[in-house]
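Residue numbers (the numbering used here): 1 to 152. Where is the CB? At the ideal position from N, CA and C, for every residue including glycine. Please read these numbers as outputs of a predicted model, since none were measured by experiment.
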Amino acid sequence: MTRIAPIRYYQGRVAYPSQEQMRRVRAQCDFIENDDGGRPTEDRDCAHAQRIIARGSSSQIRQIDEQAQQKFFDYIGYKHGFRVLTHEQSSDSYRGEVTITHEIVYVIESQPTKGYVKLTLKSEVPQVPNDGFGGIFSGEEVNEIRRMFDRK
Numbered sequence: 001m002t003r004i005a006p007i008r009y010y011q012g013r014v015a016y017p018s019q020e021q022m023r024r025v026r027a028q029c030d031f032i033e034n035d036d037g038g039r040p041t042e043d044r045d046c047a048h049a050q051r052i053i054a055r056g057s058s059s060q061i062r063q064i065d066e067q068a069q070q071k072f073f074d075y076i077g078y079k080h081g082f083r084v085l086t087h088e089q090s091s092d093s094y095r096g097e098v099t100i101t102h103e104i105v106y107v108i109e110s111q112p113t114k115g116y117v118k119l120t121l122k123s124e125v126p127q128v129p130n131d132g133f134g135g136i137f138s139g140e141e142v143n144e145i146r147r148m149f150d151r152k
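Given below as structure tokens:
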């Protein structure tokens with residue numbers, strides 16, 4: 001449903017999107033909310049978020065929820081390099097209707113790696129090692145940063 005940003009790497013592992021990126025994506029998902037979550041985005045070498053919402057009576061909600069999740073994984077789950085970083089679920093009920101919401105953060109890597117690192121607030125932008133930017137930024141991003149500092 002929503003492309004978050006290009007994948008960042010830290011020590012050879014996928015770095016989880018920053019809190020600011022996740023806030024922005026959640027706000028966008030709240031604005032676009034629909035029950036089927038929309039079609040998953042599948043840009044390579046990017047992090048993505050998908051919100052799946054299942055609504056129904058308490059007697060039918062389990063089946064509705066399973067079908068909604070299955071639809072998502074049937075569409076995107078077979079893609080080369082697809083990997084779920086987090087899958088959070090919440091539920092609510094009101095007057096006999098139950099709502100189950102899934103927030104799935106995933107990546108599609110062109111060169112799949114193993115593991116990911118969920119950086120803390122203090123380490124959202126990791127310390128720069130002495131030899132440069134440590135793979136956090138692409139060469140193009142490093143050049144852009146240098147150009148910004150040279151513009152004084």
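Which one or two residues does DSSP pair with residue i in a beta bridge?
{"i": "arginine 44", "result": "Answer is none; arginine 44 lacks a bridge partner."}
{"i": "glutamate 88", "result": "Glu103"}
For residue i, which option in the options has the closest C-alpha, if you only look at C-alpha atoms?
{"i": "glutamine 111", "options": "Thr101, Arg26, Leu85 and Gly81", "result": "Gly81"}
{"i": "serine 59", "options": "Val105, Gly115, Val98 and Arg13", "result": "Val98"}
{"i": "threonine 41", "options": "Ala54, Arg3 and Val105", "result": "Arg3"}
{"i": "histidine 87", "options": "Tyr106, Val14 and Tyr116", "result": "Tyr106"}
{"i": "aspartate 92", "options": "Gly56, Asp43, Cys46 and Asp45", "result": "Gly56"}
Less than 7 angstroms separating the Cβ of residue i from some heavy atom of the ligand NAP?
{"i": "glutamine 89", "result": "The ligand NAP is not among the ligands present in this structure, which contains no ligands whatsoever."}
How should residue i be labelled, buried or exposed, when 16 other C-beta atoms within 10 angstroms of its C-beta is the threshold for buried?
{"i": "arginine 23", "result": "exposed"}
{"i": "histidine 48", "result": "buried"}
{"i": "proline 6", "result": "exposed"}
{"i": "arginine 39", "result": "exposed"}
{"i": "glutamine 50", "result": "buried"}
{"i": "aspartate 74", "result": "exposed"}
{"i": "glutamate 20", "result": "exposed"}
{"i": "glutamate 66", "result": "exposed"}
{"i": "tyrosine 116", "result": "buried"}
With DSSP run on the structure shown, which of helix, strand or coil describes residue i?
{"i": "glutamine 19", "result": "helix"}
{"i": "glutamine 111", "result": "coil"}
{"i": "tyrosine 116", "result": "strand"}
{"i": "arginine 39", "result": "coil"}
{"i": "arginine 95", "result": "coil"}
{"i": "glutamine 60", "result": "coil"}
Mind checking whether residue i and residue j have CB atoms under 8 angstroms apart?
{"i": "isoleucine 52", "j": "glutamine 28", "result": "no"}
{"i": "lysine 118", "j": "tyrosine 16", "result": "yes"}
{"i": "valine 84", "j": "isoleucine 108", "result": "no"}
{"i": "arginine 13", "j": "threonine 113", "result": "yes"}
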